[in-house]
Each structure stands twice: as structure tokens, then as C-alpha cells.
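J.:
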Ligand code: SF4
Ligand code: FE
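In the numbering used here, the protein residues as written are 2 to 486.
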């Protein structure tokens, strides 16, 4: 396994084409806006090397019998699924942000099943290709970007009817030794911190869309790939050089638009090539795993709750009964998020490939809660913190020899707490609920791994309504013709 330092150094060797603010970024690794997100991924390497986290962060590879980082593992038991949930919460609670590495793990687990099922039905050889790729990822301890979401254009039209055919990523050329693909993947979490990009289709498809039913893995710096970094609210604070106003001084997340401008994919890296009838399965299995992965939000919630209790104490309001009750409510909501992820893992099962899959109904319930509860938790945090978290002047004002004294004097709360510490905790709450971390904690909770309606559709499909009705009718004495047959 790689150390955190080796991970960062391995990224330096990549030749990524990255754009931000309209300009090409020459040094991606040390860029002040990108670096905190890299630090968060580096944490997944660092903790895997620490004995106290060994059980949760590492696992024995079912392929080689060697110890590997859990982020490169294919789940072999319910225990593996439960530990994946625990890993997500733990890392969220250590970084206070999105640590990005789950998407590739979820993509690989979904592919381990779909490639197996495709081969069984169609006599293809995708599973062996995938396993060879997996062996490489495990041996090198790589971070993979799981690239699913296409730009999608007009939401009312399938891929082949879009005016611009590139709005879903597609195969544009077949060659003897592989294929050429064109298109883009949007909102790609951790894209420029990844060694490999694993592409999957974004929706289920029909025959007319078969050129869009494609899955493969390419190195993140393959020719033709460019990254355009997404902006985050308050991102420029990371460029200011201070250490108070950005709230979280160490970690962050990032998203990027990834352009595939006629990228060649060698045959041995293709895991689906026009088998449109399996696109839906791959999407659903990936989505189920990623909906489980949102245990990370409970981890980030831990940080926000800790910050809220702290600010209540700094404000001198911690003993007020309504404040105590609000913090209980935050904990209740946060633990409910965790319950959903643990539950879908505990109710997991073995698929024909040998991979363990979460209970998909419960994974959808988990994610549906995630689309709501972080917003409620954030609202309560802002309620307890008070308006100062958005009206506070800057660090430079606080440090100013002329006006700093006024800030020191008038922003004092609890007499035993320094004004500076009060400002720091307020900035952390601002970061989590309005700043760069709010991307991951709020809007990403809403839309990541599928927007709320996607889970509601899955919930309606997966509950056994007939059985519920049968029992209800039986209990009150309703007899139907079908009962008598
Ligand atoms: Fe992992 Fe959570 Fe980030 Fe998704 S949002 S990549 S589950 S940390
Ligand atoms: Fe996500």
C-alpha cells in the first residue's frame, strides 16, 4: 500500500490537463484551491497505514491474499459492507469534507457484478478484463474516479435524440485494438486527484442508444482528457494565504467537468461495449453502493455537531434548554443517517459473481434521508451559531493594528474564550453550511448518487406492496376471488 506521501508524489507524475478560471493549471498538486482536496484523499492512505485503523481501512484481497486498502477491495461479506460504512463515517468525521475515493470503489464493485453477469449471458470476456484491471489497482493502491454522470442535454430526450450527440459519452470509432470515445462527464468528484478514470453509462438504455452503452477505464492523463474545475462558494479564500477565514484549514473536496475529446480506449480496458441491456443494471448497482457510501455525511455531521456545541459554549448559550434540545435533534438526525447506511450493509447479500451487494431498498431509503437531514442539521447549526457566522469581518481586520482591537472587544463572547477561537469555530460552521464544504455536505447530498426522485422511484419499485396489501386484507376479513383459488 502507498503512504500518503507516496500518493501525493504519484500524482506529480501524472500529466493532467486541468483548467481553472480559464487558465491551464501548471502545478495541480500544489495549487492552493486543489491541495486541500488532495489532502482529504491522502487521509485514506495515511489512516490505512496506522495500526489503530487497520481493521477498518485495510482488508485481505480475495484476488491475491495480500493486504490492500479497503477502497480498492471487492466486498466479500456482509462484514466488508458494514466496515465500508464505518470507514466512510470515520473519514468524514476526520476530514469534515468529501474524501472522494468512494466513487471508484463503488464503480469497481458494480463492475465486478455486471461484467460477470454479462459474460454469463452473452459469452463475453469482460469479467477477466475487469479483474486484471482490479489487480493493477490493488497492486498500485490507486485512486479511481468513478465517472457516471453525463451532461444529459435535454432531459426529455434519450441520448441518440439529442441535437448534439455528444451530450452523453459515446463510442465514435471502432478500431482493431479498441474504441475511440467522445463526450464528457460532469460533477466528477475528486477527478484531478485520481490515477484512473472508470467510465460508466448514466442511464438505462435501448438499442438505439447502444453506442452510449460503454464502460471502460483509462489513465487520468490519457490523451484527449481535459478537466475543468468547478467553482465552490468562497473558494478564493484558499488563495488569500491566511488561516482563519477558510474555516477548514486542512481539507476540502472538488468536482470537475471531464472532457473526453476522442480518447482511445484499448480493448483490454473495455468493460461494456454496446451491451445496452446491461446499462441499467450497472447504473443501479453503482447507485446502490454509492447511496450506502453516504455514511460520509454522518461523519461530516459529526464535525458540524461538534462545532455547534462548541459555538454554543463560546456564545455562553450552551445551558439554554432549547439549545440543548436543538443539538439533541442534530444528533438524532445524524445517527438516523448512519442507521440507513449500516442497515443496507447489514442486509447485504451475495451476488452470482461472489461480490456482496447492499440491500438496495434500504440503500435508497438511506440516500433519501441524506437528501434532507443534512439541510435540517445545517439549519440547526446556523440557528445555534447566530448571525455572526455571516457578518463577521475578515481575518485581516482582526489582525489589523488599527481596528483589530475593536473586533477583539466587540466579538468577545464567553469571557474564558478568546475572540479568535470564537471566530474560528464560526468560520468552520460557515464553511460547512455555506462555503466550500457545503458543496459536499448539502447540494451533493441532494443530487449526488441520484437526485431525490431517483430514490423514490426505486423505493416504489422495491417495496413488496402486494404482500403488504395481502396481509392487511386478511387481517380485516376481506376475501378476494384470488384467495379462493
Ligand atoms: Fe465518498 Fe461521500 Fe465524497 Fe461521495 S460524497 S465520494 S460518498 S466522501
Ligand atoms: Fe457523491
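Backbone N, C-alpha and C fix where the C-beta goes; we use that ideal spot for every residue, glycine too.
What distance in whole Å lies between the Cβ atoms of residue 114 and residue 286, which are believed to be in contact at a cut-off of 8 Å?
T.: Reading the chain shown from its first residue, position 285 is the one you call residue 286. Reading the chain shown from its first residue, position 113 is the one you call residue 114. Yes, residue 286 and residue 114 are in contact; Cβ-Cβ is about 6 Å, under 8 Å.
J.: Helix, strand or coil: how does DSSP classify residue 1 here?
T.: With the chain covering only 2 through 486, there is no way to say anything about residue 1.
J.: Given 6 Å as the limit, tell me if residue 451 has its C-beta closer than that to any heavy atom belonging to the ligand FE.
T.: In the chain shown, the residue the question calls residue 451 occupies position 450. Not under cutoff, so the answer is no.
J.: Note down, in chain order, each residue of its chain lying with its Cβ closer than 8 Å to the Cβ of residue 219, except the 5 sequence neighbours on either side.
T.: To locate residue 219, count along the chain shown from 1; it is residue 218. These residues qualify, in order along the chain: 197, 198, 200, 226, 264, 266, 270.
J.: Three-state secondary structure (DSSP) at residue 330?
T.: The sequence position of residue 330 within the chain shown is 329, counting from 1. Helix at residue 330.
J.: For the beta strand (DSSP E) that residue 228 lies in, which residues bound it at each end?
T.: Along the chain shown, one-based indexing puts residue 228 at 227. Per DSSP, residue 228 belongs to the beta strand (DSSP E) from 226-230.
J.: So what does DSSP say about residue 258, is it helix, strand or coil?
T.: Counted from its first residue, the chain shown places residue 258 at position 257. Here residue 258 sits in strand by DSSP.
J.: Quick one: any contact between the segment 303-318 and the segment 385-400, if contact means 3 or more CB pairs under 8 Å?
T.: Result yes; three or more Cβ-Cβ pairs closer than 8 Å.
J.: Classify residue 438 as helix, strand or coil using the three-state DSSP reduction.
T.: Counted from its first residue, the chain shown places residue 438 at position 437. It is helical.
J.: Given 8 Å as the limit, is there contact between the segment 287-302 and the segment 438-447, that is, 3 or more CB pairs closer than that?
T.: Touching, yes.
J.: Work out the CA separation of residue 41 and residue 49 for me, nearest whole Å.
T.: On the chain shown, position 48 is the one that residue 49 refers to. On the chain shown, position 40 is the one that residue 41 refers to. If I take the Cα positions, the gap works out to 13 Å.
J.: Tell whether a beta-carbon distance below 7 Å holds between residue 446 and residue 359.
T.: As a working mapping, residue 446 is identified with position 445 in the chain shown. As a working mapping, residue 359 is identified with position 358 in the chain shown. No, Cβ-Cβ distance for residue 446 and residue 359 is not below 7 Å.
J.: Please work out which residues of its chain come closer than 6 Å, Cβ to Cβ, to residue 405, disregarding the five sequence neighbours upstream and downstream, and give them in chain order.
T.: Within the chain shown, the letter at position 404 stands for residue 405. 399, listed in sequence order.
J.: Kindly indicate the opening and closing residues of the alpha helix (DSSP H) around residue 37.
T.: Position 36 of the chain shown, counting from 1, holds the residue named residue 37. Looking at the DSSP string, the run of the alpha helix (DSSP H) that includes residue 37 is 36-49.
J.: Check residue 267 in the structure and name its three-state DSSP category.
T.: For the purposes of this step, residue 267 is identified with residue 266 of the chain shown, where counting begins at 1. Looking at residue 267 - three-state DSSP - the assignment turns out to be strand.
J.: What three-state label does DSSP hand residue 75 in the structure shown?
T.: Counting from 1 along the chain shown, the entry for residue 75 is found at position 74. Residue 75: coil per DSSP, three-state reduction.
J.: Within its chain, find whatever has a CB closer than 6 Å to the CB of residue 98; leave out the 5 residues flanking it on each side and keep chain order.
T.: Taking the chain shown and counting its residues from 1, the one referred to as residue 98 is at position 97. If we look at residue 98 and ignore the five residues flanking it on each side, its Cβ neighbours are 41, 252, 253, 254, 438, 441.
J.: Going by CA-CA distance only, name the one from 111, 138, 32, 86 that's closest to residue 352.
T.: Counting from one through the chain shown, the residue named residue 352 turns up at place 351. Of the listed residues, the one whose Cα sits closest to residue 352 is 111.
J.: Quick one: is residue 402 buried, meaning 16 or more other Cβ sit within 10 Å of its Cβ, or exposed?
T.: In the chain shown, the residue the question calls residue 402 occupies position 401. Residue 402 is exposed by the Cβ-count criterion.
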